[in-house]
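Participant: Listed in order, the protein sequences are those of chains A and B.
Quick note, the working numbering runs 302 ahead of the 1-based positions in the first sequence.
Quick note, the working numbering runs 18 ahead of the 1-based positions in the second sequence.
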Amino acid sequence: MEDIIVCENLKYSYPGQEGCAVNGVSFRVARGEFISVIGHNGSGKSTLARLINGLLEADEGNLTVLGMNVGEGKNAVEVRKHVGVVFQNPDNQMVASIVEDDIAFGPENIGVEREEIGRRIDWALSAVGMEKYRHATPARLSGGQKQRIAVAGVLAIKPDVLILDESTAMLDPKGRHEVIEVVRRLNKEEGMTIILITHFMEEALLADRTIVMNRGEIVLTGAPEEIFKQGEALETYNLSLPRISMIASELRAAGMEINNVLKPGELAAEIVKNFNRCGIFGGESSSPAPKEPESAGEWDIDIKSLAFTYSKKSPFATKALNGIDLHISDGEFFGIIGHTGSGKSTLVQHLNALIKLPQAEKKYHKPKAKKGQPVPVLPSVTVGQFDLSDKKTDFKALRASVGMVFQYPEYQLFAETVFADVAFGLKNFNKKLTDEEVERAVKDSLEIVGLNYEEVKDKSPFDLSGGQKRRVAIAGVIVTKPHILILDEPAAGLDPKGKREIMELLHKLHREWCKTVIIVSHDMDEVAENCTRVAVISNGSVFACDSPAALFTRSAELSALGLDVPLTAKISTYLGENGIIIHSDCTVKDFSEKVIEVYSGGADA
Amino acid sequence: MLNDVTFGQYYPVDSFVHRLDPRFKLLALIAFIVLLFVANNFYALGACAVILIITVIVSRVPVGSVLRSIKGIIFILVFTGVLNIFFHSGETVYWQWGILKVTLEGIIFTVFLMFRLFFLVMASSILTLTTTPVALTDGIESLLKPLTFIKFPVHELALIMSIALRFIPTLIDETNRIISAQKARGADFESGNIFKRIKAMVPILIPLLISAFRRAEELGDAMDARCYSGSKNRTKYKKLRFGWRDLVAFLFIGALIAGVVLFNIYCYNIFPQIYAYIRIS
């Protein structure tokens with residue numbers, strides 16, 4: 303088949319930066335191929351995308367796209383008609399406030415006739431399954447929908463190659479699934495060549511061929527099954543194995559024969575095969591250690607019939623919370639999970655009174671009871687000693703005790719030095735602290751998040767790397783030693799290694815710094831792996847609240863809500879159909895141990 | 019799904035006025051403003067009021083929403099009113115103190131002026147209540163088209179307006195998020211004197227500014243990647259069309275304009291008549 307892209311020894315370095323971002327990369331892409339590119343942050347994946355699209359010009363080497371030498375004359379502009387790129391942030395790619403106008407932008411730029419633009423909009427919208435939203439405004443769409451519109455905007459130029467530059471990194475699982483399905487369909491049905499740059503190993507598995515980049519170089523290339531077999535090699539490139547490969551290698555270590563498979567059903571079949579070979583046709587694992595009974599702690603959180611509506615009394619009123627009852631005990635590592643827009647962020651903002659209960663507002667008047675109508679139930683929230691429905695509560699003291707780290711907290715850094723930024727919260731809450739006390743607290747909190755105090759304190763926070771910025775931002779919240787720490791999507795947008803490190807940090811904080819940690823997430827695996835208890839929020843109410851082990855036995859119900867279940871729960875379900883009952887706490891480690899327990903137990907008998 | 023551009027004043031219902039061509043609405047507003055200042059008697063002003071009332075009724079926007087727009091300019095209204103009442107010269111003097119005096123002519127003139135301003139604001143807010151900002155931008159771009167001949171960058175201007183509109187909701191969201199985050203770190207925006215409050219804005223403005231630059235850079239890349247290279251050889255997908263509604267509205271407004279002009283000619287100056295009437299009684 304014809305090679306659509308030919309790279310030979312491409313090199314590029316950013317002006318003013320040491321080292322090459324892309325350092326001697328050579329590869330070929332055939333028409334209709336689906337390629338995934340993985341690599342840690344800064345490995346040169348995105349630079350490569352920009353080179354292929356002509357946004358950057360290579361310092362050295364040859365790049366030919368559709369027979370055009372991209373380095374020559376006006377080809378760098380011409381090549382953009384043939385290679386479309388969808389970027390990471392769905393918000394920063396749209397120019398118009400109406401979907402069809404935005405999709406028209408590309409074709410208008412290359413001078414397509416009016417009627418033809420109309421036809422292309424029809425086609426592009428149906429290709430991404432967004433026909434209904436032709437006249438909608440992007441601001442009201444979900445992340446996944448916005449990103450599909452961005453894909454449509456690129457498709458309308460009718461490119462031969464579609465590059466997705468971490469286009470799923472900022473989306474929730476549902477949105478990610480939507481975008482990936484669109485891409486797969488384009489590849490299968492329209493024969494479009496796809497280059498998918500991603501941090502999600504599960505997405506990389508879908509390609510025909512995977513390229514692994516490390517420090518500007520291609521270090522591995524081949525079929526995804528082959529790539530993910532090389533567990534340790536991947537680790538040295540700062541990548542993580544997909545969870546399914548982790549389980550497979552644990553089982554292999556226990557003497558089971560497991561082929562390289564990439565789907566939960568297939569892995570379950572492999573396990574069953576092993577069991578049957580040993581004459582095991584059923585079995586049940588022990589249950590995870592029972593949880594300690596809940597005891598009322600000093601810092602329990604108690605939420606009763608919490609309801610909240612945005613833009614009340616306007617034509618755009620939207621109900622965010624619809625009667626939430628929830629109890630979070632002192633000392634828990636708690637997970638709150640749900641779709642974007644399920645109300646989970648609204649819920650946690652009540653816990654430190656960023657959103658106040660109606661009774662706590664200054665202007666609040668008790669509604670008069672109307673005859674014949676039931677007295678409305680007032681919401682109540684208590685956090686430790688604080689009664690949030692009381693106007694007289696010291697909300698500032700509350701906020702010092704309930705730390706809140708928002709999504710992408712690095713975007714809220716502002717001060718000239720790391721020291722000043724971290725000290726900001728501390729000085730706000732306690733104006734009487736001496737300089738020594740401030741310094742000690744800042745030093746402690748920077749060190750517990752894993753930064754070298756002397757090294758970073760005088761630096762501008764904007765000169766740090768992405769991962770370091772996030773740590774500084776977290777330090778700026780925990781500096782007041784809050785009892786409860788709430789984090790909204792703490793690992794969003796990080797590469798696999800960064801994600802792992804952040805979760806390790808949170809466990810460290812939970813042990814040594816804050817008693818209760820609450821994370822808001824949409825990643826089921828992340829929650830299953832880390833939390834002691836999980837609340838599932840759906841449409842503004844609590845669908846279920848339980849330990850992962852108990853919660854994820856209800857996988858059918860969760861799927862019906864459009865929520866994912868952790869990989870381990872999926873495999874358990876398949877195994878259950880074959881008479882092998884696994885009671886695990888849904889972490890990869892425990893799940894593998896339980897499978898091995900049944901396996902060796904059966905083999906002994 | 020209807021256009022649901024919801025920021026600004028836009029009131030999302032479907033009506034005759036909502037469906038008019040934005041260019042027509044813009045031109046009609048300009049015509050109406052000219053008319054307001056041409057009208058020199060209460061009959062002509064009455065005709066203007068008729069145009070307004072009918073438009074409000076046909077637009078199906080609640081009267082309350084239209085009147086709410088007055089809130090913003092109430093200070094200016096009162097200020098000009100007071101200024102005129104005390105400084106306007108006239109014959110029938112009711113009260114005088116130094117150069118300040120209140121005259122019958124002054125009162126009539128002030129009432130007249132207040133109505134003019136009141137109608138002007140009402141008419142503009144009907145435009146923004148019934149037209150999405152996007153449609154307005156399209157309308158302005160189309161009306162400015164002829165200026166391309168004198169090298170006026172109409173396309174660039176329109177693109178800037180379009181991008182600005184597109185990012186308003188995004189930046190509002192972002193601002194709210196940053197405010198919440200800094201509040202969670204104990205920032206206080208509500209107390210202290212004006213200087214303290216301005217200083218308290220720094221932790222909001224700097225992240226907002228940095229993020230705006232980051233967004234601008236990313237948007238620039240995305241536009242480049244989508245083959246943007248200025249207005250040269252560019253086509254335009256959306257074309258505005260005058261429809262039957264515009265014709266109907268045009269005839270209606272035309273008739274009323276004629277009415278105002280006739281009143282202006284035949285009731286040359288209404289002041290003396292009212293003046294005379296008051297004096298007789």
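All C-beta atoms in this analysis are idealised placements derived from N, C-alpha and C, irrespective of residue type, glycine included.
Since this is a predicted model, take the numbers as computed values, not measurements.
Considering only C-alpha positions, which residue in the set Asp602(A), Met370(A), Asp887(A) and Thr818(A) is nearest to Cys309(A)?
Facilitator: Nearest option by C-alpha distance: Met370(A).
Participant: Can you round the beta-carbon distance between Val379(A) and Ser247(B) to whole angstroms, since I take them to be within the 8 Å contact cut?
Facilitator: Going by Cβ atoms, the distance from Val379(A) to Ser247(B) rounds to 7 Å, so yes, they are a contact pair.
Participant: Below 7 Å, is the gap between the Cβ of Gly878(A) and the nearest heavy atom of the ligand ADP?
Facilitator: The model on display carries no ligand, and the ligand ADP is accordingly not part of it.
Participant: Closer than 8 Å, Cβ to Cβ, to anything on chain B: give me those residues from the region 372-385 of chain A, in chain order.
Facilitator: Of all residues in the region 372-385 of chain A, Val379, Arg382 and Lys383 have a Cβ within less than 8 Å of some Cβ in chain B.
Participant: Going along the chain, which residues of its own chain have a beta-carbon closer than 8 Å to the beta-carbon of Leu44(B), five neighbours each way excluded?
Facilitator: Excluding residues within five positions, the ones whose Cβ falls inside 8 Å are Leu145, Leu154, Gly157, Ile158 and Leu161.
Participant: With distances taken from CA atoms, which of Gly778(A), Phe731(A) and Val331(A) is nearest Asp510(A)?
Facilitator: Among Gly778(A), Phe731(A) and Val331(A), the Cα nearest to that of Asp510(A) belongs to Val331(A).
Participant: Could you list the residues in the region 159-178 of chain B with a C-beta less than 8 Å from some C-beta on chain A, going in chain order?
Facilitator: Those residues of the region 159-178 of chain B that come within reach of chain A (Cβ to Cβ, closer than 8 Å) are Leu177.
Participant: Do Arg41(B) and Glu410(A) come within 8 Å of each other at the CB atom, strictly closer than that value?
Facilitator: No. Outside cutoff.
Participant: List, in chain order, every chain A residue whose beta-carbon is nearer than 7 Å to that of Arg195(B).
Facilitator: Correct list: Phe708.
Participant: If we ignore side chains and look at the alpha-carbon of each, how far apart do Val111(B) and Thr121(B) end up?
Facilitator: When rounded, the distance between both Cα atoms is 4 Å.
Participant: Looking at the secondary structure, which residues open and close the beta strand (DSSP E) in which Leu649(A) lies?
Facilitator: First-last for Leu649(A): Lys646 to Leu653, but that is the alpha helix (DSSP H), not the beta strand (DSSP E).
Participant: Check whether the Cβ atoms of Pro678(A) and Lys606(A) lie closer than 8 Å to each other.
Facilitator: No; because the gap between Cβ atoms is not below 8 Å, this pair is not in contact.
Participant: Please state the DSSP three-state secondary structure of Met515(A).
Facilitator: The answer is strand: DSSP assigns Met515(A) an E or B state.
Participant: Asn624(A) bridges to which residues according to DSSP?
Facilitator: Paired residue(s): Ala609(A).
Participant: Looking at C-beta atoms only, is the number of pairs between the region 351-362 of chain A and the region 311-324 of chain A that lie closer than 8 Å three or more?
Facilitator: In short, these stretches touch, since the Cβ pair count reaches three.
Participant: Taking just the CA atoms, how far does Arg382(A) sit from Thr523(A)?
Facilitator: Going from the Cα of Thr523(A) to the Cα of Arg382(A) covers about 26 Å.
Participant: Taking a cut of 7 Å between CB atoms, which residues from the region 450-474 of chain A lie near chain B?
Facilitator: So the close ones are Gly455, Val456 and Ile459.
Participant: Whole angstroms is fine: what's the gap from Leu498(A)'s alpha carbon to Leu853(A)'s?
Facilitator: Each residue's alpha carbon lies about 34 Å from the other.
Participant: Between the region 398-418 of chain A and chain B, which residues of the former have a C-beta closer than 7 Å to a C-beta of the latter?
Facilitator: Answer set for the region 398-418 of chain A: Ala398, Ser399, Ile400, Asp403, Ala406, Phe407, Gly408, Glu410, Asn411, Ile412, Gly413, Val414, Glu415 and Arg416.
Participant: Are the CB atoms of Ile780(A) and Leu811(A) within a distance shorter than 8 Å?
Facilitator: Yes, they are a contact pair.
Participant: Taking only three categories from DSSP, how would you classify Gly251(A)?
Facilitator: With chain A running from 303 to 907 in the structure shown, residue 251(A) is simply not present.
Participant: Would you please verify whether the beta carbon of Lys698(A) is less than 8 Å from any beta carbon of chain B?
Facilitator: Closer than 8 Å: yes.
Participant: Can at least three beta-carbon pairs, one atom from the region 627-647 of chain A and one from the region 826-842 of chain A, be found at a separation below 8 Å?
Facilitator: At 8 Å Cβ cutoff, the stretches touch.
Participant: If you reduce the DSSP assignment to three classes, tell me which class His629(A) lands in.
Facilitator: Here His629(A) sits in strand by DSSP.
Participant: Whole-angstrom Cβ separation of Gly408(A) and Arg184(B), contact assumed at under 8 Å?
Facilitator: Not a contact, Cβ separation roughly 15 Å.
Participant: Suppose you measure from the CA of Glu634(A) to the CA of Gly584(A); what does that come to, to the nearest Å?
Facilitator: Going from the Cα of Glu634(A) to the Cα of Gly584(A) covers about 35 Å.
Participant: What residue range is occupied by the uninterrupted alpha helix (DSSP H) comprising Asn8(B)?
Facilitator: No answer is possible for residue 8(B): it lies beyond the span of chain B, which begins at 19 and ends at 299.
Participant: Given this structure, state the Cα-to-Cα distance separating Pro187(B) from Glu712(A), to the nearest angstrom.
Facilitator: The straight-line gap from Cα to Cα measures roughly 21 Å.
Participant: Distance, Cα to Cα, Val52(B) vs Ile91(B)?
Facilitator: Spanning the two alpha carbons is a distance of roughly 20 Å.
Participant: In terms of DSSP beta bridges, what is Thr818(A) paired with?
Facilitator: Answer by DSSP bridge pairing, in chain order: Ile786(A).
Participant: For chain B, find out if any of its Cβ atoms is closer than 8 Å to the Cβ of Phe731(A); answer yes or no.
Facilitator: True, the Cβ-Cβ gap to chain B drops below 8 Å.
Participant: Could you name the residues of the same chain whose beta carbon sits closer than 8 Å to that of Gln447(A), not counting the 5 residues immediately before and after it, in chain order?
Facilitator: Met432, Tyr435, Gly477 and Glu480, listed in sequence order.
Participant: Which whole-angstrom value is the C-beta distance of His437(A) and Ile405(A), which I expect to be below 8 Å?
Facilitator: Not really, about 12 Å apart at Cβ, beyond 8 Å.
Participant: What did DSSP end up calling Phe688(A) once you bin it into helix, strand or coil?
Facilitator: The answer is strand: DSSP assigns Phe688(A) an E or B state.
Participant: Is Ala65(B) near Phe281(B), with beta carbons less than 8 Å apart?
Facilitator: Yes, the Cβ-Cβ distance between Ala65(B) and Phe281(B) is below 8 Å.
Participant: Alpha carbon to alpha carbon, how far is Leu808(A) from His629(A)?
Facilitator: So the alpha carbons of these two residues sit roughly 21 Å apart.
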